[in-house]
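Taking it in order: structure first as structure tokens, then the write-up.
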Amino acid sequence: MKNLLACVFLASGSLLGAAEPPTITISKSDKLSLGLGALPAEVASVLQNDLLRSGYFKIVPAASAGAGFVVSATGGAGGLLGKVEDRGGKSVLSKTYSGSGRAQAHEFADEIVETLTGNRGFASTKLAFVATRTGKKEIYTADSDGSNLSQLTQDGSISVGPALSPDGRVLAYTGHKSGYADIYQILLGSGARSRIIKFPGTNSGAAYSPEGNRLAVTLSKDGNPELYVTSAGGGGPRRLTRTPGVESSPTWSPDGEEIIYSYVDKGGPQLYRISASGGSPRALSTGHGYNTEPNWSPDGKKVAFNIREGGGFAVAILDLASSQTRTVGSGQDPVWGADSRHLVFASGGSLILLDAQTGQSTTLLGGLGGISEPTWSR
Amino acid sequence: MRFSLLLHLLPVAALTFGACANKNKSDRPFGGTTDSDSVRGMALNGSPLPERQEGVSFLGNNVDRNRFSPIYFGYDSYTVSPSESGKISQIAESLRGGSGSIILAGFTDERGTPEYNRGLGERRALAVRQAVVEAGGNASRIQTVSFGSELPADTGSGESAWAKNRRTEVGVVR
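In the order they appear, the protein sequences are chains A and B. In terms of my numbering, the first sequence is residues 4 to 381. In terms of my numbering, the second sequence is residues 457 to 630.
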């Protein structure tokens, strides 16, 4: 466990600035105790939920001797001034956050996670998914805690397979508005929408590279569904695979050098790994006969994917170093959060947040006529 | 596992080394009945689809979806069964003379995950395209699209509904 944390510190060192990060060991039963001091009412519950949801903390009374750190904040015209002090009253974090009340709380929560654990937080990230509230499949967006729900598309057709760019500013999806299957792109800031990939055949399953400047996508324009890499705008497709079967659901390594995807020919779909510049694919053995919709963790160590189990689907995690696979819950279409610790997936039409380290799960959103195919910014 | 790995990698190796007309039986990618069938299939599946006719939608009223019977598939399969050959011949016949075109739309049952189903649906449409071309139809007049498990023909659950949903439909452009 200590080794793992050391790696996390190295990987995220730039986030910590010049200050020496506190060394903290996290395990299932070893949460850091935070006391909550004075907080403006409009951020208190959002911040507390974010801190608890991160999985790293338990909240104790601020005056308690067990409080390792005390979190407090004051609101004002200049924004939210957030502070974290250690037991000795020494300041570990003091920063002003602007934006809406919820956004301030989310940013403060993420900086508390980063400062105290060295890991990325996910409170400020965005979710998108498919829901059938209107009777048609449309794309919706929400904050990582399920708030700020908004319907993004009004195609009145079939809009599926959403993929957020890692920075959460752009969303690509597969739309049938033309009657064919095209890749559309929406700039979330302005709402500007364009049809960026419309080759003959089916264009589907786009996934942004970690830097957001490329898409991996399945195209059938050359006569068979194959993997291609294009620019973020859909231009200059370069073919990666040449097989008789079907490649689907590409997902990128954190360095943007490799892609893992699902491949089916005869027999069940299996996971494969290929260089993002092409070459020979390599099979990843999971011990399961059905392996689809893989999602590579931002730390590069794990892949979450769908397996078939008991007449339905379950979410499994493959550890790439050990090649061990474990099943973490019934549901489908898992996506990793920025912390490489939490997964969001669909189960029974609801959106579930799972702490893959503790096994603790929470329902983020339900209803909406059934939710599927989540995507999560990082 | 080893078998599926071979099926996956061999065609890659074959093309990498320029052996496009590889007659090695283990390299037969489409489960055709003879080696020559599979070699033809391989070449065809490397053949690009024709340009789309924008404005023509499989879901719109400029496409007749009832002229031909759907072609049905087995569970998780994109192999066109010999029992479907009569339907294939009729479609191919319609694409020999005249100037019309068709859109082949692939669908799956509900027992797969969404993106897997979209890929499988497209492969089913392309498998029918291949069969129609082998039966004499003109490839330049065939478009494809996948709807995955959307728009089921039978909204029920159970094998009788699923069997109706694992299909490629033929849309004749009016």
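Virtual Cβ for every residue (Gly too), placed ideally from N, Cα, C. Predicted, not measured: the structure shown is a model, and the values here were computed from it.
Here E296(A) is not near E625(B), since their CB atoms are 8 Å or more apart. C-alpha of S513(B) to C-alpha of D610(B): approximately 22 Å in a straight line. By the C-beta density criterion, E250(A) is buried, having at least 16 other C-beta atoms within 10 angstroms. Per DSSP, F524(B) has no beta-bridge partner at all. In this structure, the alpha-carbon of T378(A) lies about 13 Å from that of T177(A). Residue range G104 to T120 is occupied by the alpha helix (DSSP H) that includes A108(A). Per DSSP, A131(A) is one residue of the beta strand (DSSP E) stretching across K129 to A134. The C-alpha of G568(B) lies about 11 Å from the C-alpha of R622(B).
For Q154(A), the three-state secondary structure derived from DSSP is strand.
For D358(A), the enclosing beta strand (DSSP E) stretches over residues S353 to D358. DSSP places E261(A) inside the beta strand (DSSP E), whose first and last residues are E261 to V267. With 16 or more other Cβ atoms inside 10 Å of its own Cβ, S147(A) counts as buried.
Scanning chain A for C-beta atoms nearer than 7 Å to the C-beta of P526(B) yields nothing, as the closest lies near 18 Å away. For V49(A), the enclosing alpha helix (DSSP H) begins and ends at A44 to R56.
Inter-residue distance for L230(A) and A209(A) is about 10 Å (C-alpha atoms, whole angstroms). Between A184(A) and chain B, the shortest Cβ-Cβ separation is below 8 Å.
The beta carbon of Q599(B) sits closer than 8 Å to some beta carbon of chain A. At a cut-off of 8 Å between beta carbons, E566(B) makes no contact with chain A. Contacts with chain B (Cβ-Cβ distance below 8 Å) from the region 145-167 of chain A involve S160, I161, V163 and G164, listed in chain order.
Contact between the region 69-82 of chain A and the region 133-153 of chain A is absent: fewer than 3 CB-CB pairs across the two stretches fall below 8 Å. Not one beta carbon of chain B lies nearer than 8 Å to the beta carbon of N122(A). Here the region 546-562 of chain B lies against the region 592-601 of chain B, with 3 or more beta-carbon pairs under 8 Å apart. Residue-level contact check: T330(A) does not touch chain B, since none of the beta carbons of chain B fall below 8 Å from its beta carbon.
The DSSP assignment places complete alpha helix (DSSP H) segments of no fewer than 4 residues inside the region 499-584 of chain B at 541-550, in order along the chain. Within chain B, P504 and L505 have C-beta atoms less than 8 Å from the C-beta of K224(A), given in sequence order. Check the Cα spacing between G313(A) and each of K86(A), H291(A), G138(A) and V63(A): the tightest is with H291(A). Put simply, of S375(A), D113(A), G373(A) and V318(A) the residue whose alpha carbon is nearest the alpha carbon of S364(A) is V318(A). The beta-bridge partner set that DSSP reports for W618(B) is empty. At least one CB of chain B lies nearer than 8 Å to the CB of F316(A). Given a length threshold of 3 residues, each whole run of the beta strand (DSSP E) inside the region 244-320 of chain A is given here in chain order: 249-255, 261-267, 273-278, 281-287, 295-299 and 305-312. Think of a sphere of 7 Å around the beta carbon of Q335(A): the chain B residues whose beta carbon falls inside it are T569, in chain order.
In the structure shown, S380(A) adopts coil according to DSSP, grouped into three states.
Of Y528(B), L505(B), R508(B) and R574(B), the smallest CA-CA separation from W618(B) is found for Y528(B). In the three-state reduction of the DSSP assignment, E606(B) falls in the coil class, being assigned neither a helical nor a strand state. Taking a Cβ-Cβ cut-off of 9 Å, the neighbours of Y572(B) in chain A comprise V249, S251, S252, S265, V267, P272, Y293, T295, E296 and N309, given in sequence order. Between the alpha carbons of R276(A) and I262(A) lies a distance of about 6 Å.
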